[in-house]
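Worksheet: the structure to be examined is printed underneath.
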Amino acid sequence: MATLALLVSAVTGLFLILLLTKNTEAAVSCGPNSSLSNCTTCNELCSGRVRPCAEVCSDQYVACKCDLGYYQVSQSNVTCVSESECPS
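Counted the way the numbering used here counts, the sequence shown spans residues 94 to 181.
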């Protein structure tokens, strides 16, 4: 019985490690024309508006910031593109 409990505990621990690793990788994977920032980002949108936000920085917060001269496609699409690539 103790062996079964130990096995279940080990499998659960391994699952949690894999889950946390996957979530961390997904959270910090920026596309082209952007870089990681430890602050909230206020990327300019293709529509010409600056996405409203308060700049907050943290050791634990990671976001993608558009490089200079690139725009975030929309409020819900964080892809960074050049002005000529913005959807019309």
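From the three backbone atoms N, C-alpha and C, an ideal C-beta is built for every residue, glycine too.
Simplified DSSP assignment, three categories, for residue i
i, result
"E137", "strand"
"S177", "helix"
"L129", "strand"
"C154", "At residue 154 the sequence reads Tyr, which differs from the Cys that was named. Reduced to three states, the DSSP call for Y154 is coil."
"C123", "coil"
Local Cβ density within 10 Å of residue i, reported as buried at 16 or more and exposed below that
i, result
"S127", "buried"
"C139", "buried"
"C159", "buried"
For residue i, the residue or residues it bridges with in DSSP
i, result
"V143", "E137"
CB of residue i within 8 angstroms of CB of residue j, strictly
i, j, result
"C157", "C123", "yes"
Between the stretch 168-176 and the stretch 146-155, can you find at least three pairs of beta-carbon atoms closer than 8 angstroms? no
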